[in-house]
Structure formats: structure tokens, C-alpha cells
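**Q**
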Amino acid sequence: MEFVLLGFSDIPHLQWMIFGIFLFLYCTILMCNSIIILITRTDSALQTPMYFFLSNFSVLEICYVTATMPRMLMDLCTQKGTISFYACATQMCFVLLLGGTECLLLTVMAYDRYVAICNPLQYPVVMSHKVCTQLVAASWVSGIPVEIGQTYQIFSLPFCGSNKINHFFCDIPPLLSLACGDTFVNEMAVYVVAVLFVMVPFILISASYAKIISNILKMSSARGRAKAFSTCSSHLTVVVLFYGTASITYLQPKSNQSDGTGKLLSLFYTILIPALNPIIYTLRNKDITMALRKLLTKLLI
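Once you know that position 297 of the sequence shown is 297 in full-length UniProt numbering, the rest is easy, because the numbers rise by one and skip nothing.
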């Protein structure tokens, strides 16, 4: 009726240092993303589709890390790690759902940049507020039935051996390794869902950027090319970091991935990348930097 998340129990002498690092990262993610949400909602210069999507992306990042980090911090603090069967299923469902939403939202953001650079005259019509709201809603809702079904399928498996999960949250690869009997069908289902929510969006993003880069290179003005590249570079960096680690985790055969490697990759796409994302978007974006300066000026005066 319960599992034990081993987390970082193999290095007990570093538990409190790890707790301090992850607590700092969690607070940083909450604070930085909250600031982005605040300035994109209140600054009149940021009332565009690009920043509407960025605001939703920041909301998603807060939800995504909250699905794993509070539980992990509690386990590090208590050094127990026990989690009930249903709590484990709920956590995995939310992680998969929010991860799938992130893939779809990154695709929508790539489409926004494609329309802005390749069809600038049609941009206000194509990316109207109604269309943007529908695209964001579709990103959040599309994965719900798929991920609930996948979670139900995995937790319907018989777990008759060890109940110790060598991970810091309930994820698919370590849970499948604990299941009894043949898990081939379940692994195939994981690959199918990974292709739908990881590979297909990645192909669409790649196609969008192929068109974008082609259009940018045709621009006669060097300043125009630099400006176009700067609006895309942050998003492209986030895409490469997130998709790189997520695809290795869910598309690599279970037998080829060690527990330590899986744990390290999961750390990247569930904690470290969400911590880096606000920094990437802030440092590479002059509009956000200006809005942040205006906000700080108002608070200090």
C-alpha cells in the first residue's frame, strides 16, 4: 500500500546540504517566475502574444516544480521517504501531465515566433487574443486523458517485490523496474506517448525554426537579423535543454539506463532547467529587463 522513495539516501552525510541547495532553488524558481508573471501582466509594453505565452509558461514552471520539490524537501528533512500508493500515482500523473503541457506550450511559443518573423503583416490577425487563449487552453487540457490513462495503466501492474523506488519522485522508469511480470506493453505505451508529446512537438518546433532561420538569413539589414535572432534565442535554448534530457529519459530503453543516470537527468528537467529558464528569458530579453527596472524603480521610490 506504500512505496519508499530512496532519493539521496545513498549519501546520508550530504542530506542537509542537498536540502539547503534544493530549498534555495525552489524559492528562486517561485520568486523569479512570479516576477515574470507580474511584469508581463502589469507592464503595458508587454501586452503581446509572446509575453502572454511566457506568462503562462512561468505559471506552468511553478506548478511543475511544486509537483515534486515540496515532497522531496520533506523527505530530505524527515529522512523517511514513505509515500502511499495513491499519493505516488497522483504525483506521477501531475508530473507527466505538466511535462506534456510544457512540450505543447513550447511548440505554441515556437509557432508564435514563426508567425511573427515569417508573416509579420498577418501576425495581429493570426495571433489574436482569442487564438492565443485557445492555444494555451489546448496545451493545458490535451494531455489530461492520455496521462491519466497512462498512470492508471502503470499502477494497475502487480508490484509484488521491493517497494523501494530509487528516485526522488514517482517516475515511470523506476516504477516499471519494480513491476512483476512482463512490462513490454507498458514500455511500448510509454514510447507511444513520448513520441506524441515529445518527438512530434520537437519536430514541429524544428520545422518552425528551419523556416525562421531561412527567413532571417534573407533579411538585408544586419540589425534586423540580430533583433530577430534575439527574440528566438531564449526559447530555442530552453527547448534544447528540456527536450534533450526528457527525450533521453523516456525514449531510451529501460535496460540501457542506470538508476543514477535516470535520477541525474530527472534533476535536470524537473529542477535545474526550471531554475535556469527565468534567467535565460530575462538576460536575453531587453523588454523584460526594462520592465523589471521600471518595477524596481517603483518599489524603491
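Each residue gets a CB set at the ideal place from its N, CA and C atoms; glycine is no exception. Bear in mind the structure is a predicted one, so any value in this text is a computation, not a measurement.
#1: S34 lies in the beta strand (DSSP E); which residues open and close that run?
#2: Where T270 and L6 are concerned, what is the direct C-alpha to C-alpha distance, given to the nearest angstrom?
#3: Just the C-alpha distance for T40 and Y123, rounded to the nearest angstrom, thanks.
#4: Does the segment 168-181 touch the segment 64-75, meaning 3 or more C-beta pairs lie closer than 8 angstroms?
#5: Per DSSP, what kind of secondary structure is F8 in: helix, strand or coil?
#6: To the nearest angstrom, how far is it from the Cα of N163 to the Cα of E2?
#7: With the cut-off set at 8 angstroms, would you say A246 and I29 are in Cβ contact?
#8: Among Y26, E147 and G81, which has the Cα closest to the Cα of E61?
#9: Please classify P12 as buried or exposed, where buried requires at least 16 neighbouring CB atoms within 10 angstroms.
#10: Using only CA atoms, which one of T231, L264, S84 and V95 lies nearest to Q150?
#11: By Cβ distance below 6 angstroms, which residues in the same chain neighbour I273 in space, the five residues on each side in sequence not counted?
#12: Please state whether DSSP places T90 in a helix, a strand or coil.
#13: Output the residue ranges of the alpha helix (DSSP H) runs that lie fully inside the segment 110-143 and measure 4 residues or longer, sorted by chain position.
#14: Below 8 angstroms on the Cβ atoms is my contact criterion, and I expect V178 with I165 to pass it. Report the Cβ-Cβ distance as a whole number of Å.
#15: Under three-state DSSP, which class holds F3?
#16: Report the residue from M199, G161, C232 and A291 whose alpha carbon sits nearest the alpha carbon of G100.
#17: Tell me which residue opens and which closes the alpha helix (DSSP H) that I83 is part of.
#18: How would you label I36, buried or exposed, when you count the other beta carbons within 10 angstroms and need 16 or more for buried?
#19: Considering Cα atoms alone, identify which of T289, S221 and R113 is closest to I205.
#20: Bridge partners of I165, per DSSP?
**A** Let me lay it out:
#1: Counting along the chain, S34 falls outside any beta strand (DSSP E), though it belongs to the alpha helix (DSSP H) covering Q15 to T42.
#2: 17 angstroms
#3: 19 angstroms
#4: The answer is yes - the segment 168-181 touches the segment 64-75, with three or more Cβ pairs under 8 angstroms.
#5: coil
#6: Put simply, the backbone Cα of N163 is about 7 angstroms away from that of E2.
#7: no
#8: Y26
#9: By the 16-neighbour rule on beta-carbons within 10 angstroms, P12 is exposed.
#10: V95
#11: Excluding residues up to 5 positions away in sequence, L241 and F242 lie with their Cβ nearer than 6 angstroms to the Cβ of I273 in the same chain.
#12: helix
#13: 123-126 and 129-141
#14: This sequence places Leu at residue 178; Val is not what is there. L178 to I165, Cβ: 7 angstroms. Contact.
#15: It is a strand residue.
#16: Among M199, G161, C232 and A291, the Cα nearest to that of G100 is on M199.
#17: Run containing I83: none in the alpha helix (DSSP H); it sits in the beta strand (DSSP E), T82 to S84.
#18: It counts as buried.
#19: R113
#20: L5
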